[in-house]
Amino acid sequence: MSNQQPNPDESVISLQNISRSFLTALQRQHDMLAFTLAGVRTSDAKIYDYYSNVSRIMPAPAAHLTHEQMIAYSRGLLLRTSINDLLALSAEVMNQVHLLCLLIRTRGHNTESNAEVDKIIGQKQEAFVRMKLQEKFNEFEQTYHIISELEDAIFSIAAALRVLARTGMVTNDDISPDGSLTLEFKAMKDIDGPDSTEAGAKKTKMVDTQRTFRPGEMLDLTDEELLGLNITVAKFFHSLFRSVDEFGREQLGGNK
42 MSNQQPNPDE SVISLQNISR SFLTALQRQH DMLAFTLAGV RTSDAKIYDY YSNVSRIMPA
102 PAAHLTHEQM IAYSRGLLLR TSINDLLALS AEVMNQVHLL CLLIRTRGHN TESNAEVDKI
162 IGQKQEAFVR MKLQEKFNEF EQTYHIISEL EDAIFSIAAA LRVLARTGMV TNDDISPDGS
222 LTLEFKAMKD IDGPDSTEAG AKKTKMVDTQ RTFRPGEMLD LTDEELLGLN ITVAKFFHSL
282 FRSVDEFGRE QLGGNK
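Here is the structure:
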């Protein structure tokens, strides 16, 4: 998966630019995940063997994986890298919108540069970037009164990554106070019933599903669940953008 981060133009930082940049990056993540899953599902053993031997030499032939072994290995790697990329995007979008909130709070409508003010902004932003995930959420809540309804979902994704970075088995260190690690997935589903169609088109709605893992269980996700995590993060982005928009309107008045 791609490790590239969106880079909104810092000279024209705005919620619109941040939103467009990160949602585009998240869509590319979704596309790459779907493409890779399709490749794994349709991979051919003969073609794999051909490319494995195309150089007629391998770095360590004794460690070479068969086609079936490679499917399992690539699936585990895809799970780890996908979740890691989603967390990296989540942390970076928080960094960017924090800078915007900081500029709004510190400068207001004044766009003129001031060396002393700019230094303070830079120091506060640098401190925020270094914060852990929990500290970032706390800073948004305490300083800007911004609370994310999907905070727990992001923490669960972070916990899942820690599990996968080890053996893949959930331990007591990974669970919430209720004794489990719960992941949330979002997707659009068709609505059944006599009123479910309008002009011949089915109606759909966003639905939430969950998977609960307890200590001693191996953490693994279906393809649909892995894609659903992407949508969960997208909902987190939208929730954060909406809260920042409200903060800006309160601070600046009217439309930003």
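According to the working numbering, the sequence shown is numbered sequentially starting from 42.
Idealized CB from N, CA, C, for every residue including glycine.
Beta-carbon gap between residue i and residue j smaller than 8 Å
| i | j | result |
| --- | --- | --- |
| Leu-78 | Leu-262 | no |
| Val-285 | Cys-142 | yes |
| Leu-224 | Ser-197 | yes |
| Met-229 | Lys-243 | no |
| His-108 | Ala-132 | no |
| Lys-276 | Leu-191 | yes |
| Leu-56 | Phe-282 | yes |
| Leu-205 | Ile-124 | yes |
| Ile-169 | Glu-182 | Note that residue 169 corresponds to Phe in the displayed sequence, not to Ile. No, these two residues do not count as a Cβ contact at 8 Å. |
Distance between residue j and residue i (C-alpha atoms, nearest Å)
| i | j | result |
| --- | --- | --- |
| Ala-129 | Leu-174 | 10 Å |
| Ser-60 | His-105 | 43 Å |
| Gln-166 | Glu-153 | 19 Å |
| Thr-83 | Leu-267 | 18 Å |
| Gln-68 | Asn-271 | 9 Å |
| Ser-62 | Ile-145 | 20 Å |
| Arg-203 | Tyr-185 | 29 Å |
| Lys-33 | Ala-75 | The first residue shown for the chain is 42 and the last is 297, placing residue 33 beyond what the model contains. |
| Asp-50 | Asn-58 | With a pLDDT of only 49 at Asp-50, under 50, the local geometry of the prediction cannot be trusted, and the value read off the model is given with reservation. Using only the alpha carbons, I get a separation of about 8 Å. |
| Gly-80 | Gln-137 | 34 Å |
| Glu-265 | Gln-251 | 12 Å |
| Arg-290 | Ile-187 | 13 Å |
| Arg-97 | Met-73 | 30 Å |
| Lys-297 | Gln-110 | Note on Lys-297: pLDDT 44, under 50, position unreliable in the model; the coordinate value appears next. Cα-Cα distance, rounded: 54 Å. |
Per-residue burial, residue i [other beta carbons within 10 Å of its own, 16 or more giving buried]
| i | result |
| --- | --- |
| Ala-201 | buried |
| Leu-118 | exposed |
| Leu-301 | Within the shown structure, residues of the chain are numbered from 42 to 297, placing residue 301 beyond reach of any answer. |
| Ile-161 | exposed |
| Asp-249 | exposed |
| Ser-52 | Note that Ser-52 has pLDDT 49, beneath the 50 cutoff, so the model's placement of it is unreliable and the number below is only indicative. Result: exposed. |
| Asp-193 | exposed |
| Ala-113 | exposed |
Distance between beta carbons of residue j and residue i, contact taken as under 8 Å
| i | j | result |
| --- | --- | --- |
| Phe-278 | Val-134 | 6 Å |
| Ser-221 | Thr-253 | 5 Å |
| Met-172 | Met-210 | Not a contact, Cβ separation roughly 29 Å. |
| Thr-208 | Pro-256 | Actually they are not in contact, since the Cβ atoms of Thr-208 and Pro-256 sit about 13 Å apart, beyond 8 Å. |
Minimum Cβ-Cβ distance from residue i to chain D less than 8 Å
| i | result |
| --- | --- |
| Glu-109 | In the structure shown, chain D does not exist; there is a single protein chain. |
Which runs of the alpha helix (DSSP H), 4 residues or longer, sit entirely within the region 66–143? 86–93
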